[in-house]
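There are 2 protein chains.
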Amino acid sequence: MSVTDSSLSKTCKASVEFLEKTILEKQSNIETWFRHEWHKSPAPFYASIDLRNAGFKLAPVDTNLFPAGFNNLNPDFDPLVIQAIQTVLERRFPDARKVLIVPENHSRNLFYFKNLAKLYCLIKNSGYEVKVATIDKIEDMPEFIPETEIPIEVARICESRICAGDFSPCLVLLNNDLSSGFPEIFKTVKHTILPPPQLGWYSRLKSTHFGHYSDIAAEFADMIDIDPWLIDPFFEGCGEINFMDRSSDDAIEEQIATMLNKIQKKYSEYGINKDPFVVVKADSGTYGMGVISVKKAEDITTLNRKQRKKMAFSKGNNAITNVLIQEGVYTNETVGGDLHVAEPVIYHIDHHAVGGFYRVHKDRSEHENLNAPGAHFEPLPFTKSCINPDCKKHPNAKPNRFYTYGVISRLALLAAAREINAVKKESAI
Amino acid sequence: MSVTDSSLSKTCKASVEFLEKTILEKQSNIETWFRHEWHKSPAPFYASIDLRNAGFKLAPVDTNLFPAGFNNLNPDFDPLVIQAIQTVLERRFPDARKVLIVPENHSRNLFYFKNLAKLYCLIKNSGYEVKVATIDKIEDMPEFIPETEIPIEVARICESRICAGDFSPCLVLLNNDLSSGFPEIFKTVKHTILPPPQLGWYSRLKSTHFGHYSDIAAEFADMIDIDPWLIDPFFEGCGEINFMDRSSDDAIEEQIATMLNKIQKKYSEYGINKDPFVVVKADSGTYGMGVISVKKAEDITTLNRKQRKKMAFSKGNNAITNVLIQEGVYTNETVGGDLHVAEPVIYHIDHHAVGGFYRVHKDRSEHENLNAPGAHFEPLPFTKSCINPDCKKHPNAKPNRFYTYGVISRLALLAAAREINAVKKESAI
Numbered sequence: 000m001s002v003t004d005s006s007l008s009k010t011c012k013a014s015v016e017f018l019e020k021t022i023l024e025k026q027s028n029i030e031t032w033f034r035h036e037w038h039k040s041p042a043p044f045y046a047s048i049d050l051r052n053a054g055f056k057l058a059p060v061d062t063n064l065f066p067a068g069f070n071n072l073n074p075d076f077d078p079l080v081i082q083a084i085q086t087v088l089e090r091r092f093p094d095a096r097k098v099l100i101v102p103e104n105h106s107r108n109l110f111y112f113k114n115l116a117k118l119y120c121l122i123k124n125s126g127y128e129v130k131v132a133t134i135d136k137i138e139d140m141p142e143f144i145p146e147t148e149i150p151i152e153v154a155r156i157c158e159s160r161i162c163a164g165d166f167s168p169c170l171v172l173l174n175n176d177l178s179s180g181f182p183e184i185f186k187t188v189k190h191t192i193l194p195p196p197q198l199g200w201y202s203r204l205k206s207t208h209f210g211h212y213s214d215i216a217a218e219f220a221d222m223i224d225i226d227p228w229l230i231d232p233f234f235e236g237c238g239e240i241n242f243m244d245r246s247s248d249d250a251i252e253e254q255i256a257t258m259l260n261k262i263q264k265k266y267s268e269y270g271i272n273k274d275p276f277v278v279v280k281a282d283s284g285t286y287g288m289g290v291i292s293v294k295k296a297e298d299i300t301t302l303n304r305k306q307r308k309k310m311a312f313s314k315g316n317n318a319i320t321n322v323l324i325q326e327g328v329y330t331n332e333t334v335g336g337d338l339h340v341a342e343p344v345i346y347h348i349d350h351h352a353v354g355g356f357y358r359v360h361k362d363r364s365e366h367e368n369l370n371a372p373g374a375h376f377e378p379l380p381f382t383k384s385c386i387n388p389d390c391k392k393h394p395n396a397k398p399n400r401f402y403t404y405g406v407i408s409r410l411a412l413l414a415a416a417r418e419i420n421a422v423k424k425e426s427a428i
Numbered sequence: 000m001s002v003t004d005s006s007l008s009k010t011c012k013a014s015v016e017f018l019e020k021t022i023l024e025k026q027s028n029i030e031t032w033f034r035h036e037w038h039k040s041p042a043p044f045y046a047s048i049d050l051r052n053a054g055f056k057l058a059p060v061d062t063n064l065f066p067a068g069f070n071n072l073n074p075d076f077d078p079l080v081i082q083a084i085q086t087v088l089e090r091r092f093p094d095a096r097k098v099l100i101v102p103e104n105h106s107r108n109l110f111y112f113k114n115l116a117k118l119y120c121l122i123k124n125s126g127y128e129v130k131v132a133t134i135d136k137i138e139d140m141p142e143f144i145p146e147t148e149i150p151i152e153v154a155r156i157c158e159s160r161i162c163a164g165d166f167s168p169c170l171v172l173l174n175n176d177l178s179s180g181f182p183e184i185f186k187t188v189k190h191t192i193l194p195p196p197q198l199g200w201y202s203r204l205k206s207t208h209f210g211h212y213s214d215i216a217a218e219f220a221d222m223i224d225i226d227p228w229l230i231d232p233f234f235e236g237c238g239e240i241n242f243m244d245r246s247s248d249d250a251i252e253e254q255i256a257t258m259l260n261k262i263q264k265k266y267s268e269y270g271i272n273k274d275p276f277v278v279v280k281a282d283s284g285t286y287g288m289g290v291i292s293v294k295k296a297e298d299i300t301t302l303n304r305k306q307r308k309k310m311a312f313s314k315g316n317n318a319i320t321n322v323l324i325q326e327g328v329y330t331n332e333t334v335g336g337d338l339h340v341a342e343p344v345i346y347h348i349d350h351h352a353v354g355g356f357y358r359v360h361k362d363r364s365e366h367e368n369l370n371a372p373g374a375h376f377e378p379l380p381f382t383k384s385c386i387n388p389d390c391k392k393h394p395n396a397k398p399n400r401f402y403t404y405g406v407i408s409r410l411a412l413l414a415a416a417r418e419i420n421a422v423k424k425e426s427a428i
């Protein structure tokens, strides 16, 4: 059997439609299972998950524990976000009334400021007093979030608490991924920081996350009786790699070749008529920098100097030391008349899927990373929520597709929850 | 000072705009206070609250603990309802997976069936297996909820549990206000019934509810520094009244006269140029039957036989024994080009305001009960949620008005929560 995405038979077990149908049929089992899992591993305060829908498989490719982009969500779903924030804060911090948001140190990123203003409003409308204060004093940081009257202050320590002026918060909400390291100011404070700063990119590894994810995908696949590969990309940590001196080229080439073979076997098993590819990326780090797609193992050895430099340094100018190779997942989704490729990004507050958008890139193709800076990045907010499937409609209809996205996304969220559990156990030791 | 509704000054302390402004300014204090209150008195599983907005005061006039009308809510807010159901069930019954809905015994009310179908879908999409079974075997009950494939079964007892066929639920959701009494079938069962059937209309008294409400309104008014009268109608229980034999006419006439005087004093204090009126209604019971508006105390003695009969028997053909007189609250809201009078009804799941609609009645006027059966009843779903105010907009703008409705409505919900607390204490004794 050899089929292309568009001709995949309705009953084909490697199709997202099959996945949607199976997930819809087993909704109450799935939700019961999730409830038990969240009980064992509480979800992080918030997260955004990048998914890729290849038409024949659907998988998370990135899990961000300090999400920006709240401004890109459909404002119609703000009440859903607010209700989720109210629920989680009330459950975890029943006496809290003041929240301090600690943002990224970006002083000129207007998109980030829009996110920050939105996050401020969401927490405020959840019924809290809110302030914004950066960890460090940033030279050219504006006094107010642009286009708002929300001041940006500088955090200070006051009696073992992080404060902004005389505002002593009950909890600190971190919207900074700590690529530059664990902040000095956090070392002495006693109150709660959400999510745990130990999960910042200075120490977190994608390979740890995807390790948990693989376990979860296997459990979930077993429960709904599917091949876990349909929701789980192969991955492998490559250990320390220095792209600049070419010393690791042979080793990584071999690993890529092995993974391409594994993917090809799966493609053949399901009759998928596509070229396998892998994605090579920094094991820690972020912002879509230092990510390349490779269809032939030898491509990795022919990277030019510019490409190598890009791989060697990601956000915060850290040299990449640990590298991850991951099965590339095509994106089968396109939007608009010009059929620009798009990938869904799902947002969570606690374990609730509260919304999402499509990341659309005009200049990239179906096997490339779409999380790239540049003017062509277009968020397209979901028109339906991720929690309200409609069994009367086709499994592929928007409410059902978004529900499926919310389910797969929650599997990645659960992986993050297990990461947090592990970090907490370590801290306790 | 003498003003009409439309000319009420912006700073006038008897205006809903003043109330909206005060509530917006004190949002975080109010929400913090609510969080503490819900901790002490958990909200009922669900409720709908009828409000009346007179322009100069805003108050709840009825609190329904077994609400129908879920079909009248804006479907755009279904995700908000679902998320709230998930949150409360998960918190209170972490192991539950099967829910049995016990509906009213209505076999021909198509509006009620639409509510039932909607409630079924909301619980199902929250991730539960759901069945519907009536308490009693009803002669002409259809096999399925009309226009759906949802069977209506008859509940039976099986090993001290209420079951529907071989479906043994983890919890029972009661959507029947028990006007006809505490069902025999509930007497022996051991599992949880939500809301507690002890709160059914066979025993619940509106005067108890409004007693709790008055305490709460006083606490709340003190916190935000307003006159509690702005949110709390006067009321008085009249004890046992038999409208048919006229024996209580003198006593009730005197009580009405006293209350009309009290209201007139308040109207004079605030310069409100309106005729005071009182509403006389059954202290227990429901469905807007047995409710009359009276502007002159002697009107009560000149009721004709038909009117007396209407007062003497409410839903379930119970003779009215206990009667409540309550300050009438004008409704200042009109909808449509024809300016039909309307009153807001707010829906809650747990302590969350999840939506609402306007009850519109073409044939009634601003001082009449709008909860009356008939073809002219028109629900008009809210276009905005009740939890997302917008400080940049006018206090009277829809998001802010609906937020205020959600706050006042939650005060009535808290009164219901205290009723439940009291019932639980009694049961424990």
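Order-wise, the sequence lines are chains A and B.
Be aware that the first sequence starts at 0, since it is given in numbering that gives the first Met the number 0, and climbs by one per residue.
Be aware that the second sequence starts at 0, since it is given in numbering that gives the first Met the number 0, and climbs by one per residue.
Note that beta-carbon positions come from the ideal geometry of N, C-alpha and C, so glycine has one too.
Q. Under the three-state reduction of DSSP, which class applies to Cys-120 (chain B): helix, strand or coil?
A. helix
**Q.** Close-in-space but distant-in-sequence residues of the same chain around Glu-24 (chain A) (CB under 7 Å, 5 per side omitted)
**A.** none
Q: Tell me whether His-347 (chain B) is buried or exposed, calling it buried when 16 or more other Cβ atoms sit within 10 Å of its Cβ.
A: Buried is the call here.
Q.
So that I know if they touch, is there some Cβ in chain A lying closer than 9 Å to that of His-351 (chain B)?
A. For His-351 (chain B), the answer is yes, since a Cβ of chain A falls inside 9 Å of its Cβ.
Q: Taking Val-277 (chain B) and Glu-342 (chain B) to be in contact with their CB atoms under 8 Å, please state how far apart those CB atoms are, rounded to whole angstroms.
A: No, Val-277 (chain B) and Glu-342 (chain B) are not in contact; Cβ-Cβ is about 17 Å, not under 8 Å.
Q.
List, in chain order, every chain A residue whose beta-carbon is nearer than 8 Å to that of Leu-413 (chain B).
A. Chain A residues near Leu-413 (chain B): none, gap ~15 Å exceeds 8 Å.
(Q) If contacts are defined as beta-carbon pairs under 8 Å, then His-350 (chain B) and Ala-42 (chain B) qualify, I think. What distance do you get, rounded to the angstrom? (A) Taking 8 Å as the upper bound for CB-CB distance, His-350 (chain B) and Ala-42 (chain B) are in contact here, some 4 Å apart.
Q: For Gln-254 (chain A), I'd like the list of residues in its chain whose CB is within less than 7 Å of its CB, leaving aside the five on either flank, ordered along the chain.
A: Excluding residues within five positions, the ones whose Cβ falls inside 7 Å are Glu-235, Cys-237 and Ile-324.
(Q) In this structure, how does DSSP classify Ile-192 (chain A) when only helix, strand and coil are distinguished? (A) strand
Q: Run the CB neighbour count on Leu-118 (chain B), radius 10 Å, all protein chains shown included, and call it buried at 16 or more, exposed below.
A: Looking at its Cβ environment, which holds 16 or more other Cβ atoms inside 10 Å, Leu-118 (chain B) is buried.
Q: Give the DSSP-derived three-state secondary structure of Asp-249 (chain B) in the structure shown.
A: helix
Q. Which residues does DSSP pair with Thr-187 (chain A) in a beta bridge?
A. Bridge partners of Thr-187 (chain A): none, in fact.
Q: Using a Cβ-Cβ cut-off of 9 Å, state whether Asn-175 (chain B) counts as contacting chain A.
A: no
Q. Does the distance from the CB of Pro-59 (chain A) to the CB of Tyr-269 (chain A) come in under 9 Å?
A. no
Q. Taking 8 Å as the cut-off, does the CB of Cys-385 (chain A) come closer than this to any heavy atom belonging to the ligand GTP?
A. As presented, the structure is devoid of all ligands, the ligand GTP included, so that no description of it is given.
Q) Under the three-state reduction of DSSP, which class applies to Gly-287 (chain B): helix, strand or coil? A) Unreliable placement is indicated for Gly-287 (chain B), whose pLDDT of 48 sits below 50; no coordinate value is reported for it.
Q.
Taking the straight line between their C-alpha atoms, what separation do you get for Leu-170 (chain B) and Cys-120 (chain B)?
A. Taking the Cα positions, Leu-170 (chain B) is about 17 Å away from Cys-120 (chain B).
Q: Using beta-carbon positions only, say whether Asn-321 (chain B) and Asp-282 (chain B) come within less than 9 Å of one another.
A: yes
Q.
If you reduce the DSSP assignment to three classes, tell me which class Asn-28 (chain B) lands in.
A. helix
Q.
To be precise: take each residue of the region 8-40 of chain A, compare its Cβ to all Cβ atoms of chain B, and keep it if any distance is under 7 Å. Which residues remain?
A. Gln-26, Ser-27, Glu-30, Thr-31, Arg-34 and His-38
Q: Pair every Cβ in the region 392-407 of chain B with every Cβ in the region 171-182 of chain B, then say whether three or more of these pairs are closer than 8 Å.
A: no
(Q) Going by DSSP in three states, Glu-418 (chain A) sits in which element: helix, strand or coil? (A) helix
(Q) Does Asp-4 (chain A) come out as helix, strand or coil in the three-state DSSP assignment? (A) Here the model assigns Asp-4 (chain A) a pLDDT of 40, short of 50, so the residue's position is not dependable, and the following value carries that caveat. Of the three classes helix, strand and coil, the one that applies to Asp-4 (chain A) here is helix, per DSSP.
Q) Would you call the CB atoms of Asn-108 (chain A) and Ile-81 (chain A) closer than 9 Å? A) Taking the C-beta atoms as reference points, Ile-81 (chain A) is found no nearer than 9 Å to Asn-108 (chain A).
Q: Could you check if Ser-426 (chain A) is buried or exposed, using at least 16 other CB atoms within 10 Å of its CB as the buried criterion?
A: exposed
Q. Which residues bound the alpha helix (DSSP H) around His-208 (chain A)?
A. Annotation for His-208 (chain A): the continuous alpha helix (DSSP H) segment containing it runs 205-223.
Q. Got a sec? Which residues, its chain only, sit under 6 Å from Ile-137 (chain B) by beta carbon, not counting five neighbours each side?
A. Asn-104 and Ser-106
Q. Since Arg-91 (chain A) is in the alpha helix (DSSP H), which residue starts that stretch and which ends it?
A. Secondary structure note for Arg-91 (chain A): its alpha helix (DSSP H) is the uninterrupted segment 77-91.
Q | alpha helix (DSSP H) segments (min. 4 residues) lying fully within the region 294-381 of chain B | A | For the region 294-381 of chain B, whole alpha helix (DSSP H) runs of length 4 or above, ordered along the chain, are 304-311.
Q: Step through the CB atoms of chain B and report whether any lies within less than 9 Å of the CB of Leu-72 (chain A).
A: no
Q) Is it buried or exposed for Ala-374 (chain A), if we count other Cβ within 10 angstroms and need 16 for buried? A) In this predicted model, Ala-374 (chain A) has a pLDDT of only 42, less than 50, meaning its place in the structure is not dependable; the value taken from the coordinates is given anyway. Looking at its Cβ environment, which holds fewer than 16 other Cβ atoms inside 10 Å, Ala-374 (chain A) is exposed.
Q.
Please report the straight-line C-alpha distance between Asp-389 (chain A) and Thr-403 (chain B), rounded to a whole angstrom.
A. Their Cα atoms are separated by approximately 32 Å.
Q. Using the C-alpha atoms, what's the distance from Glu-239 (chain A) back to Arg-51 (chain A)?
A. Put simply, the backbone Cα of Arg-51 (chain A) is about 27 Å away from that of Glu-239 (chain A).
Q. How would you label Leu-143 (chain B), buried or exposed, when you count the other beta carbons within 10 angstroms and need 16 or more for buried?
A. In the sequence under discussion, the amino acid at residue 143 (chain B) is Phe, which differs from the Leu named in the question. Exposed, by the Cβ-count rule.
Q.
For a test of the three-state rule: what should DSSP assign to Ala-281 (chain B), helix, strand or coil?
A. strand
Q | Span separating the alpha-carbon of Gly-180 (chain A) from that of Asp-135 (chain A) | A | 12 Å
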